[in-house]
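A.B. asks: Numbering (the UniProt record's numbering), first residue to last: 1 to 159. Idealized CB from N, CA, C, for every residue including glycine. Please see the structure below; I have some questions.
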């Protein structure tokens, strides 16, 4: 496995992108997730990717709190549709009714922070990837562009 020591991103291993563990707070609990820098092994990591990580890392708690609120709003907007899709037998298990962001921990888990290239656009793109009970195959993502929350949806929005 190839390794890279980056002055901003730290010690990285190549596994279909440069990766390393990253510690953060999710719903009030310290967890370790995968930090992934999207880049081919033979290509240079973009300066916009380093800057995106730096800015995210400096205020990770703020960005993660924004993401939690946005996920809660997204879930509230779509919960009934999910419940209808699952039917009475599975609705409470896969799409339970929740009343606050603190209850998301039963149905959502942060798994990866991905720093996407901007392909010359000089945008700072950070995606947060989650496993979720209501969409196990497509997952959930929150996308930040230039430190602004841009979108919540299935993981395709950042992959």
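Below 8 Å between beta carbons: does that hold for residue 38 and residue 10?
C.D. replies: Result no, Cβ atoms of residue 38 and residue 10 do not sit closer than 8 Å.
A.B. asks: Please classify residue 128 as buried or exposed, where buried requires at least 16 neighbouring CB atoms within 10 angstroms.
C.D. replies: Result: buried.
A.B. asks: Can you tell me the Cα-Cα spacing of residue 94 and residue 82, whole angstroms?
C.D. replies: Whole-angstrom Cα-Cα distance: 8 Å.
A.B. asks: May I have the straight-line CA-CA distance separating residue 98 from residue 86, to the nearest angstrom?
C.D. replies: Roughly 16 Å separates the two Cα atoms.
A.B. asks: Tell me which residue opens and which closes the beta strand (DSSP E) that residue 124 is part of.
C.D. replies: Neither: residue 124 is in no beta strand (DSSP E) and is coded neither H nor E.
A.B. asks: Measure the alpha-carbon distance for residue 124 versus residue 88 and round it to whole angstroms.
C.D. replies: Rounded to the nearest angstrom, the two C-alpha atoms are 42 Å apart.
A.B. asks: Please report the Cβ distance between residue 71 and residue 152, rounded to the nearest whole angstrom; I am assuming they are in contact, meaning their Cβ atoms lie under 8 Å.
C.D. replies: The Cβ separation is near 6 Å, so the contact holds.
A.B. asks: Can you give the beta carbon distance from residue 101 to residue 68, rounded, assuming they're within the 8 Å contact cut?
C.D. replies: Their Cβ separation, rounded to whole angstroms, is 5 Å, which keeps residue 101 and residue 68 in contact under 8 Å.
A.B. asks: If we ignore side chains and look at the alpha-carbon of each, how far apart do residue 141 and residue 159 end up?
C.D. replies: The straight-line gap from Cα to Cα measures roughly 9 Å.
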